[in-house]
Amino acid sequence: MGNCQDSCKNFWCGPKNTNVRISLPAICFIWQIAMIALFAIFVRYDPEADAHWTEYMHQNNITSNIENDFYYRYPSFQDVHVMIFMGFGLLFTFLKRYSFGGVGFNFLISAFGLQWALLMQGWFHSLDSTDWTIKIGMKSLINADFCVAGCLIAFGACLGKVSPIQLMVMTLCGVSLFAVEEYVILNLIHAKDTGGSMVIHTFGGYYGLTISWILYRPNLHQSKRLRGSSYHSDVFAMIGTLFLWVHWPSFNSAIGNHGDGQHRAVINTYLSLAASVLTTFAVSSLSAKRGKLSMVHIQNATLAGGVAMGTAAEIMVSPYSALVVGVCSGIISTFGFVVLTPFMEKHMKIQDTCGIHNLHAMPGVLGGAVGAVTAAFASTSVYGQEGLMHAIMHGFVDRTMGMQAAHQAAGLCIAIISGIGEARSLKQGYLFSLGCILRLPCWGDPEDENCFDDEVYWEVTATKVHILATRLCCWTPMLIINKLCRRSVLCQCEGKIRSQTRFTERMLLHMHIG
Amino acid sequence: MGNCQDSCKNFWCGPKNTNVRISLPAICFIWQIAMIALFAIFVRYDPEADAHWTEYMHQNNITSNIENDFYYRYPSFQDVHVMIFMGFGLLFTFLKRYSFGGVGFNFLISAFGLQWALLMQGWFHSLDSTDWTIKIGMKSLINADFCVAGCLIAFGACLGKVSPIQLMVMTLCGVSLFAVEEYVILNLIHAKDTGGSMVIHTFGGYYGLTISWILYRPNLHQSKRLRGSSYHSDVFAMIGTLFLWVHWPSFNSAIGNHGDGQHRAVINTYLSLAASVLTTFAVSSLSAKRGKLSMVHIQNATLAGGVAMGTAAEIMVSPYSALVVGVCSGIISTFGFVVLTPFMEKHMKIQDTCGIHNLHAMPGVLGGAVGAVTAAFASTSVYGQEGLMHAIMHGFVDRTMGMQAAHQAAGLCIAIISGIGEARSLKQGYLFSLGCILRLPCWGDPEDENCFDDEVYWEVTATKVHILATRLCCWTPMLIINKLCRRSVLCQCEGKIRSQTRFTERMLLHMHIG
Amino acid sequence: MGNCQDSCKNFWCGPKNTNVRISLPAICFIWQIAMIALFAIFVRYDPEADAHWTEYMHQNNITSNIENDFYYRYPSFQDVHVMIFMGFGLLFTFLKRYSFGGVGFNFLISAFGLQWALLMQGWFHSLDSTDWTIKIGMKSLINADFCVAGCLIAFGACLGKVSPIQLMVMTLCGVSLFAVEEYVILNLIHAKDTGGSMVIHTFGGYYGLTISWILYRPNLHQSKRLRGSSYHSDVFAMIGTLFLWVHWPSFNSAIGNHGDGQHRAVINTYLSLAASVLTTFAVSSLSAKRGKLSMVHIQNATLAGGVAMGTAAEIMVSPYSALVVGVCSGIISTFGFVVLTPFMEKHMKIQDTCGIHNLHAMPGVLGGAVGAVTAAFASTSVYGQEGLMHAIMHGFVDRTMGMQAAHQAAGLCIAIISGIGEARSLKQGYLFSLGCILRLPCWGDPEDENCFDDEVYWEVTATKVHILATRLCCWTPMLIINKLCRRSVLCQCEGKIRSQTRFTERMLLHMHIG
């Protein structure tokens, strides 16, 4: 019995094994084969991507190929694709020794998640009841990318502290939960959420925070030395920020209505983003000694305007309101970084590596609220009869504006609940004990002192800098300066004593600087 | 009196205070609130972005959503947006310790300037006389980005030598001047300038040079150590160059005429850019010992082809002429870097950090001249009657080609004059003494010895490299090698003397390498 | 006689002169002038880019400007352009000291090659027989970029071992061969190859490998120290990878049929790429000790899915087959890096710097095979009568599916043969002895020990790090640690002896770290 307890304790608390040589390939292959089987059964081309398109055109009185949805959405899709893989990926390279992991695991779980997202979203939203297949086209690909975005946000909270296998489990659950939550908000409640403030950002943010709370590491300070940025890693992350910032108008307009809907979404997002840049710089400067700006704030809070404009992107909020939304989101996001993140880490056991609570969760909630308020104030004088139906109410002619606003608010609550609630309930074992599952020692997560370190999962070749001292005018020492700070520097000085006053020998210094 | 003079001297010449903790947030907030107020009063959605679009379609016999200007211009807009924020931003990261400032301040003043540009350009170009509002749509956003580009060019000349507050003042004035000058050239003279060789590049270039002349620092050599690139900062800047180079066809075609106009602008720019790459490599190699290429030339002069093709982008110059324009611009731009920039710094008191005279001002003038010449040679045989009206003459049926050419040349002169003249007159106190204003000590600009240094305005966390010497076979010294060269390296060697012949103690070396 | 032999030997085997100050500019200028002359004679605007477009619209019953091919293809063109200049360019920066060369020479030969490609492809594919001119439009620009891609693949095999002049000669021959091979495959055999698996990747891969075999360097190990990556150069290369990965759907759809063709090509490529990411991670982890992932694999093999989907991109392969293609290509590509590249270097005298055999040649062959197989299984039930003609058979109504499959296979063989055969025959002197030509000592290629080093062709300013030791509590030595490992580090310690027990003097340490 005691023996059993011991081995049990060993199993849970023993030294961690980060060797993923068997588990990672196994999961990838099994999963990919499952995907192929499911795709073979369920997935077909959309009529607009099918070789019967010419016949379809004749049947539907479409006169030109340019009316194919492809030409409406492809530029936006490309931008969204860039945001997912390059924007998020590079934003995650900000840690000084976790750039490979940031961009690489982002790549892995995105490619993994989007296949599952195509299926899950297909089953929930667009299962063709005649032949039980899913027809995928441009809009499906965009939605799959959106779904993956939610999981990448969650990744941001756990960056550096989890193994690729844990990430894949997280993504698997995240995509599944996302599809359900999205189905409830968009198809049952019929709330409007063009740019996904609620569906993507609020959900993704709280999902990630809850995971991070489940995986709380009390001794994370042991890897404190690696939990910062270097000069160049900050520039890499800034490239990611700019990718996200520049393409955010496409994100918020990608699945908007053809014509004025997409056009308006771009304008609103453009303005909101511009305003959040100014307030971010302002608050960042205000919060630091001597007014020095912090790259962490600039890299993140400048994007809050895009997040907060998501739900109301297509709504006739008018340009100045877009600026107001941007101003507010920039302020709360930067204050979040200054005040909330340290507070949450200290008092709430939530270690949020990238500050997703500030960039996604809070501005997402703000965005949901903006959506509810603006829906309440919509009127036919502003929209025109046709416009109102089209832009806000999804053709529900009997809804009043107040009802629509209430539905929007309901959608927001559901997003928060599904983010926190479900993941938390998982921890408490109500559902399937994802909490326990994620903490299983077999996932290969790193020791506390090895967090934020690429060496754990990547072959990192340190740059060797050889220094040869050819003249030493003193007692030449036999120095062997051994490596100190885990891998980063190895200094070996070798020499021989010859004379007390004359240079005699050579000193060899190897420095791994990387 | 003497006391007054002293305090006056102290005010102007005393030690500079780079603390922007109050001033920067104050300006950002005040400005942003002013923008919100003005937007609330003046700015509305364009009919193509308004919810009444469906009704507008019926009224104007538009049969399909794809005819919305959004679908004509959105891909080009996105590319221009990428150029402004990522292209310019990364190009400015080339200095070894000013990457944060380059990309960060570029971000700040772009987001700041585009809001003001939407208003200024709206008032001058598209104020609706019925309700005194500005209707913004896709084209307004592109034009705002263009306007910001002019100010970013000016930023290039001052890179590293000014405070963010000075930059905002510069941008404020630059955008205002730009809108006036653009109004004169495009709406009064009716010159053609699709890609902005005159309006954007010539103006921006000379505006920046004049500012740089106003802010001349005789002792700039004190920060010489930081006025160069490092290996990786050069690669970052090269990414910026490539962003600009690859998307320049979109820049020159973004506000072109629908159909053949945009199509032709892309082809001309594509060819001109390709030709300028070859001549840049040629002249760069020719001008250096052993033919070694210089990254500065490759990063900048390769883009001159795009600048020089701006005015004539839509004109039927024929493909080979586009190559000729590219060849010439590549040559003059590279020669500018080799010969002119050092000359101007030494003899004309113009310190042009990024060489904007070579990349923007000179090729811009060339582009304006090309526009005038090609307008003079335009004929109905080449264009067809309809094409000629459309492509060159803006519907002015009574203009001869010679007259159009003269108007183009006049436009060029105005661009140069507004760049140099207005800014210079500002210095001399004719207008509002911008010169004095910009030199006010309260702006927080850095000391001569701290130019080109991110530490002044940014929190820079140096990378610590710890070296622990575990064995020292000599008199172990108590070394405290203190930091020398401002922040870059701190070397601390700590040890204790034990014996003259045996290793005894540990040596700790901290190196901040960043 | 002996003297003659000696001088002959000296000519071939003497020390290499890497001074390209005369030869590089000469070639650039001569070539550019030749291009201008040829463009003046042959190249005109396409009707869709000509000022007569309005008249052309009337004649052809085109009702809207949006029907201009520009609007169908411009977003894809931009993405392809980004891939060529940024994707390939940054992917080539992975070597620790060859980033300038990778991205810079990529820039040079692309700009050089695309002009020649426009002419060669024009002469072969679209010479207008009425006036003997080439009409260039959007599709010509895309095809020119494609043609350049073939040569850049070949550059990948020779990266770091050749001079810019050799690269230009290689590109000149490569573009010419490409145009011929493409003409045979697409216009004579009428095989289908939308995304260029055969025409671009197979050809480019084997062409590059053969060149690499011709230029075999037995003593390349002398520059082994530089033949690796550094931490940040790997991140730069990863950005290149992501550019390629994200935009590959545009690459495979850029010259696809309007409407469903482009739409389907994007979906197929998107899925295939996603699958190859998973298998690349799996095999990479499987092949390393402790399952550590290798950046080389992630940077390259993840793209194999796009290569392998090229030929069949527009074919109705159905989504699950696209996943299967991605899985297979990811596996063979990663295995190639693990097993084949070392084998080829050791036993076949092929030094393939970037592993293009694994990324382009093998997946290209796979793609060609997939094209042949899927063509064989095409049927009217899947495509519809119209769709079948359109998507696969180019209007050849009398071809059976088996015949089309045979033609596809024939196309693949020709691509391989033109890659290997022609280049190899060149070596053996059958054609024009390109082999000898490329090995002429006048091209300025680097010595074996200077390969992979930017210092040969670029002005590299090393970063100086000054360390000043202000206190030394021991015999202060006069240390002059001279530079050891070629340029990378120079350490100079200067001091003066004062006392054996007290600190006395300052130590100056200069370190060039770059």
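Residue numbers (the UniProt record's numbering), protein chains in the order written: chain W, 1 to 514; chain R, 1 to 514; chain S, 1 to 514. All C-beta atoms, glycine included, are put in the ideal place defined by N, C-alpha and C. None of these values were measured; they are calculated from a predicted model.
Among the options, which one has its Cα closest to the Cα of residue i?
| i | options | result |
| --- | --- | --- |
| L172 of chain W | W:K135, W:L119, W:F39 | W:L119 |
| S333 of chain W | W:I136, W:V370, W:F343, W:T280 | W:T280 |
| R225 of chain R | R:C28, R:V456, R:T461, R:C451 | R:C451 |
| I190 of chain W | W:A361, W:H407, W:D453, W:E455 | Before going further, note that residue 190 of chain W is His rather than Ile in the sequence given. Comparing Cα-Cα distances from H190 of chain W to each of W:A361, W:H407, W:D453, W:E455, the minimum goes to W:H407. |
| A375 of chain W | W:W213, W:I165, W:M401 | W:M401 |
| F105 of chain R | R:R227, R:S163, R:F236 | R:S163 |
| G411 of chain W | W:F88, W:M198, W:P75 | W:M198 |
| H52 of chain R | W:G367, W:G259, W:V327 | W:G259 |
| I356 of chain W | W:I414, W:T210, W:N219, W:H125 | W:T210 |
| K161 of chain W | W:K346, W:I331, W:P363, W:F92 | W:F92 |
Please go through the same chain and pick out, in chain order, the residues whose beta-carbon is closer than 7 Å to the beta-carbon of residue i, but skip the five residues on each side of it.
| i | result |
| --- | --- |
| S499 of chain S | Legend: pLDDT at S499 of chain S = 30, less than 50; position of this residue unreliable, no value from coordinates given. |
| R73 of chain R | M138, K139, I142, A254 |
| H360 of chain R | I153, H201, G204, G205, V307 |
| N17 of chain W | G444 |
Could you name the residues of the same chain whose beta carbon sits closer than 8 Å to that of residue i, not counting the 5 residues immediately before and after it, in chain order?
| i | result |
| --- | --- |
| residue 517 of chain W | One cannot answer for residue 517 of chain W here, as it falls past the ends of chain W, which runs 1 to 514. |
| N19 of chain R | G444 |
| G174 of chain W | G113, G150, C151, A154, G204, Y207 |
| I27 of chain S | I165, M168 |
| Q121 of chain W | S140, N143, A144, C147, A179, E182 |
| F236 of chain R | L90, T93, F94, S99 |
Can you tell me whether residue i sits near the ligand ADP, meaning its C-beta is under 7 Å from at least one heavy atom of the ligand?
| i | result |
| --- | --- |
| A372 of chain S | Ligands displayed in this structure: none; no statement on the ligand ADP is therefore possible. |
Could you give the C-beta distance for residue i and residue j, rounded to a whole number, given that I count them as a contact under 8 Å?
| i | j | result |
| --- | --- | --- |
| D79 of chain S | Q78 of chain W | 6 Å |
| I84 of chain R | L141 of chain R | In fact, because the Cβ distance is near 11 Å, the residues do not count as touching under 8 Å. |
Just verifying my parser: in three-state terms, what is the DSSP assignment at residue i?
| i | result |
| --- | --- |
| I27 of chain R | helix |
| R44 of chain S | strand |
| D128 of chain R | strand |
| L215 of chain S | coil |
| T133 of chain R | strand |
| S318 of chain R | coil |
| S229 of chain S | strand |
| L359 of chain R | helix |
| L159 of chain R | coil |
| L95 of chain W | coil |
Please list, in chain order, all residues of the same chain as residue i whose beta carbon is under 6 Å from its beta carbon, the five residues on each side excluded.
| i | result |
| --- | --- |
| L186 of chain W | none |
| S272 of chain W | G305, M309, A322, V325, G326 |
| E449 of chain W | Q222, S223 |
Review point. Name the residues in the region 123-156 of chain R whose C-beta lies less than 8 Å from a C-beta of chain W; which are they?
Key: I136, G137, M138, L141
Point to revise | Contacting positions in the region 314-348 of chain W - beta carbon closer than 8 Å to chain R | key: M316, S318, P319, Y320, L323, V324, V327
Exercise for review: For the region 249-261 of chain S, enumerate the residues whose C-beta is nearer than 7 Å to any C-beta of chain W, in chain order.
Suggested key: S250, H258, G259, D260
Point to revise | the region 228-246 of chain W: positions lying closer than 8 Å to chain R by Cβ | key: G228, S229, S230, Y231, H232, D234, V235, M238, I239, L242, F243, W245, V246
Practice item. Residues of the region 49-69 of chain R with a CB closer than 7 Å to any CB of chain W: list them in chain order, please. Key: A49, D50, A51, H52, W53, T54, E55, S64, N65, I66, N68
**Study point:** Contact set between the region 93-113 of chain W and chain S, restricted to residues whose Cβ is under 7 Å from the partner
**Key:** T93, S99, F100, V103, G104, F107, L108, A111, F112
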